[in-house]
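These protein sequences, in sequence, are chains A and B. First residue of the first sequence? That's 1 in full-length UniProt numbering, and the numbers climb one at a time after it. First residue of the second sequence? That's 1 in full-length UniProt numbering, and the numbers climb one at a time after it. Scroll down for the structure; my scribbles are underneath it.
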Amino acid sequence: MPTYFTKEHEWIAVEGDTATVGITDYAQAQLGDVVFVEVPPAGTQVEKGKEAAVVESVKAASDVYAPVSGEVTEPNGALEGDPSLVNTAPEGEGWFFKLTLSDPTQVDGLMDAAAYKDFVAGL
Amino acid sequence: MSEQDDAPIELEPLPLDAWHRARGGRMVPFAGYHMPVQYEGVMAEHLWTRSSAGLFDVSHMGQLSLSGEGVAQALEALLPGDMAGLAPGRMRYSLLLGEDGGILDDLMATNRGEDYYVVVNGATKWDDIAHIHEHLPESVTLNHMDDKALLALQGPKAVDALARLVPGVESLVFMTAGAFTIDGVEAWISRSGYTGEDGFEISIPADAAERVAELLTAQPEVKPIGLGARDSLRLEAGLPLYGHDLDPATTPVMADLGFALSKRRREEGGFPGHARIMAERADGAPLKRVGLMVDGRQPVREGARVVDKAGREIGRVTSGGFSPTLGRNIAMAYLPPAQGDLYAEVRLEQRGKPFQATVTAMPFVPHRYVRKGV
Numbered sequence: 001m002p003t004y005f006t007k008e009h010e011w012i013a014v015e016g017d018t019a020t021v022g023i024t025d026y027a028q029a030q031l032g033d034v035v036f037v038e039v040p041p042a043g044t045q046v047e048k049g050k051e052a053a054v055v056e057s058v059k060a061a062s063d064v065y066a067p068v069s070g071e072v073t074e075p076n077g078a079l080e081g082d083p084s085l086v087n088t089a090p091e092g093e094g095w096f097f098k099l100t101l102s103d104p105t106q107v108d109g110l111m112d113a114a115a116y117k118d119f120v121a122g123l
Numbered sequence: 001m002s003e004q005d006d007a008p009i010e011l012e013p014l015p016l017d018a019w020h021r022a023r024g025g026r027m028v029p030f031a032g033y034h035m036p037v038q039y040e041g042v043m044a045e046h047l048w049t050r051s052s053a054g055l056f057d058v059s060h061m062g063q064l065s066l067s068g069e070g071v072a073q074a075l076e077a078l079l080p081g082d083m084a085g086l087a088p089g090r091m092r093y094s095l096l097l098g099e100d101g102g103i104l105d106d107l108m109a110t111n112r113g114e115d116y117y118v119v120v121n122g123a124t125k126w127d128d129i130a131h132i133h134e135h136l137p138e139s140v141t142l143n144h145m146d147d148k149a150l151l152a153l154q155g156p157k158a159v160d161a162l163a164r165l166v167p168g169v170e171s172l173v174f175m176t177a178g179a180f181t182i183d184g185v186e187a188w189i190s191r192s193g194y195t196g197e198d199g200f201e202i203s204i205p206a207d208a209a210e211r212v213a214e215l216l217t218a219q220p221e222v223k224p225i226g227l228g229a230r231d232s233l234r235l236e237a238g239l240p241l242y243g244h245d246l247d248p249a250t251t252p253v254m255a256d257l258g259f260a261l262s263k264r265r266r267e268e269g270g271f272p273g274h275a276r277i278m279a280e281r282a283d284g285a286p287l288k289r290v291g292l293m294v295d296g297r298q299p300v301r302e303g304a305r306v307v308d309k310a311g312r313e314i315g316r317v318t319s320g321g322f323s324p325t326l327g328r329n330i331a332m333a334y335l336p337p338a339q340g341d342l343y344a345e346v347r348l349e350q351r352g353k354p355f356q357a358t359v360t361a362m363p364f365v366p367h368r369y370v371r372k373g374v
């Protein structure tokens, strides 16, 4: 299951025409203690590069952008009860939402794990 | 993901810049300087300060010395506090007021006997210095002590840690100050702070700042704390932040800072905006600062609108966020007094989304100042 990364620090794990989206470990470390996450409900149409979710730390609110366009099939309901999953398992249990890709070729412009690692090292 | 904050440019390093970086502080632009926003995390640092002691670098703040004949009267012409009646070694919270009674800055003023020591906000210090200069008589000298660093040691165990290094400092009580030495370094120390906890503020030569910071953080009670927790601590303590909860459009009455209007000054006047401020005291101001408990898990932050039933804006949230001590969301807002009664229900709107809140007494978390000696 290939995983891709954006310059805005989202990750997307793709399986055929479905995918899971979250924010990276680097992103959660920058945010600090997450106290609230607003994820889009199932059925929401998200657009590549546009706001799809909101994550709030003690310090500030941040937008999370959709890495690709598509329709949300499942928000991560566990984040409502325990938003700190984003800190403890950002690339696991702290995922944000699953979606159906409207154009699977959109992942072609994203970074793979090695490229993202280099990108973060340069920040 | 992107933070909704803008960064200013042309930043200067403060005396402890390298020390913060070596300690793992994440540096951010603040008030024209690089400042540590956090070390291990805002939540952990906040709770550590409430339970033990935290060391804050507040060297960005302006430390001013005013001296000369008529200095108390010169200060009284600019602010509503009783400066002439302030005994040596005592300090007072006060407000620099514009001609219309609007708040130009909030500050701490201490009578040190030979001078008045005034600490102003970092972001406003250059404007403050220009404003004070312009209004001083020739007999009074203003000195910007930019060769000093300022540290704050805050928390219930601050006194244990500091008294180990500075015997006798425990005899200070809240809002008193004196001259001490720490490991041979001359220090002006007050029992005061911006967290609602017991604690001290320590003014030392900039070139001794690293040594003193090392000594303090070598005490088992003490960890370095960043700006993030400083903000959440002061919010819980109900203390306003200049540039957010206070600005030139705000008067002391609107800001619910009536305690800063000394009795003699209210009666005698002679400070900027006296007539307007006394009228607001008698008849009420159009808006007043209140505390809010916000329902739900999502924080409501500065800029959120306070709306009436028809959705019309009647006020604004000026500070807000998650309270680590209470485990819920709190805020400060300006409301028409008629809507701001204790326990009144208030509607808020942030990014188009409605929130419910209840007007609450401040501080949100009780102050634990030490007012009497042990």
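Where is the CB? At the ideal position from N, CA and C, for every residue including glycine. Because the structure is a prediction, the values reported are computed rather than measured.
Every beta strand (DSSP E) stretch that sits fully inside the UniProt domain "Lipoyl-binding" (18 to 100) of chain A and reaches 3 residues is listed by chain position as 18 to 23, 34 to 38, 51 to 57, 61 to 65 and 70 to 75. With respect to B/G243, B/A357 sits apart: the two C-beta atoms are not nearer than 8 Å. Within the same chain, Y26 come within 6 Å of A/V120 by CB-CB distance, once the 5 residues on both sides are set aside. Shown here, B/Y194 sits in coil according to DSSP, grouped into three states, outside any helix or strand.
Annotation for A/E10: the continuous beta strand (DSSP E) segment containing it runs E10 to E15.
Contact of A/D82 with chain B is not assigned, every C-beta pair being separated by 8 Å or more. Not a single C-beta of chain A is nearer than 8 Å to the C-beta of B/Q219. When 7 Å is used as the limit between beta carbons, B/R301 is near these residues of chain A: A61, in chain order. The Cβ atoms of B/G89 and B/A177 sit closer than 8 Å to each other. Going by beta carbons, B/L47 and B/P324 fall inside the 8 Å limit. The alpha-carbon separation between A/Q106 and B/R297 amounts to approximately 34 Å. In chain order, L14, P15, A149 and L150 place their CB closer than 6 Å to the CB of B/S59, counting only its own chain and leaving out the 5 sequence neighbours on each side. Listed as beta-bridge partners of B/P36 by DSSP are B/M27. Take B/L96, set aside five residues on each side of it, and the residues of its chain with a beta-carbon closer than 8 Å to its own are L78, L79, I103, L104, D105, D106, L107, V120, D128, H131 and I132, in chain order.
B/F271 has no beta-bridge partner at all, per DSSP.
Taking the Cα of B/D100 as reference, the smallest distance to any Cα among B/S262, B/K157, B/T251 and B/G196 is reached at B/T251. Between B/V306 and B/L348, the C-beta spacing is below 8 Å. B/S171 carries a helical assignment under DSSP once its states are collapsed to helix, strand and coil. Bounds of any alpha helix (DSSP H) do not take in B/T141; it lies within the beta strand (DSSP E) bounded by V140 to H144. Proximity of chain A to B/R297 at the Cβ level (cut-off 8 Å) is accounted for by V35, F36, E80 and P83, in chain order.
When DSSP states are grouped into helix, strand and coil, B/M83 belongs to the coil group. If you compare the alpha carbons of B/V118, B/A74 and B/E138 with that of B/S65, the shortest gap goes to B/V118. Look at the beta carbons and you see the segment 222 to 238 of chain B touching the segment 34 to 48 of chain B: at least three pairs across the two are nearer than 8 Å.
Listed in chain order, the positions of the segment 62 to 91 of chain B with a beta carbon within less than 7 Å of a beta carbon of chain A would be empty, since no residue qualifies.
Listed along chain B, the residues sitting closer than 8 Å to A/G32 by beta-carbon distance are Q38, G41, V42, M43 and G228.
In this structure, DSSP gives B/K223 an extended state, which the three-state scheme calls strand. Put simply, the backbone Cα of B/L342 is about 37 Å away from that of B/M35. Spanning the alpha carbons of A/K59 and A/G32 requires a straight line of approximately 8 Å. Just measuring C-alpha positions, the residue of A/L79, A/P104 and A/G77 sitting nearest A/E71 is A/P104. For B/G321, the residues of chain A that pass the 7 Å Cβ criterion are V58, in the order they occur in the chain. B/K309 sits in coil when the DSSP states are folded into three classes, being neither helix nor strand. Assigned with DSSP and collapsed to three states, B/L75 falls in helix.
With contacts defined as CB atoms closer than 8 Å, B/R351 and B/A333 fail to qualify as a contacting pair.
With a threshold of 16 other beta carbon atoms within 10 Å, A/A66 meets it and is buried. Here B/A237 is buried, its C-beta having at least 16 other C-beta atoms within 10 Å. Counting only residues of its own chain and dropping the five nearest sequence neighbours on each side, B/R234 has a CB closer than 7 Å to the CB of Y194, T195 and L241.
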